[in-house]
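If you're matching positions, the sequence shown starts at 905 in the numbering used here and goes up one per residue.
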Amino acid sequence: MRGKSKSSETIFASAASGAVGKLLGQFALRKGLQVIGNAGSDEMLAYITNDMGFQEGFNYKKESPAAALARLAPHGIDIYYENVGGNILKRLFMPLATSDGLLSVG
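Below, the structure is given as structure tokens:
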């Protein structure tokens, strides 16, 4: 995560219900960021939003990342934590609000 993140920024964490995604989300929440995560089931989505405290989330098996992020972050996301790659990464380059907000792991 950038050292100069602002509380007004939005971060999207792919694979948010995984170990690293959950940890990243907690760091982001402590910094006051708006945290959006995705999960592959409704149960994991409920877990990251209800139990982990992410403000928003979506089930990527039911809603495309582009549609979900257009709905949840209409002005774009400031930081994208990438832990999946493939189609999700390809679809998310457009919603980034800034060009320096990609954090890739793995």
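Here a beta-carbon is modelled for each residue, glycine too, at the ideal position from N, C-alpha and C.
| task | Under 6 Å Cβ to Cβ from Ile915, same chain only, skipping five residues before and after it: list those, please. | result | Ala932, Leu937, Val939, Ile983
| task | Report yes if the CB atom of Ala920 is closer than 8 Å to the CB atom of Asn942, and no otherwise. | result | yes
| request: Indicate the three-state DSSP secondary structure (helix, strand or coil) for Asn954 in the structure shown. | output: helix
| query | Per DSSP, which one or two residues make a beta bridge with Ala943? | reply | Asn963
| said: Need the endpoints of the beta strand (DSSP E) that Ala917 sits in, please. | reply: 914-917
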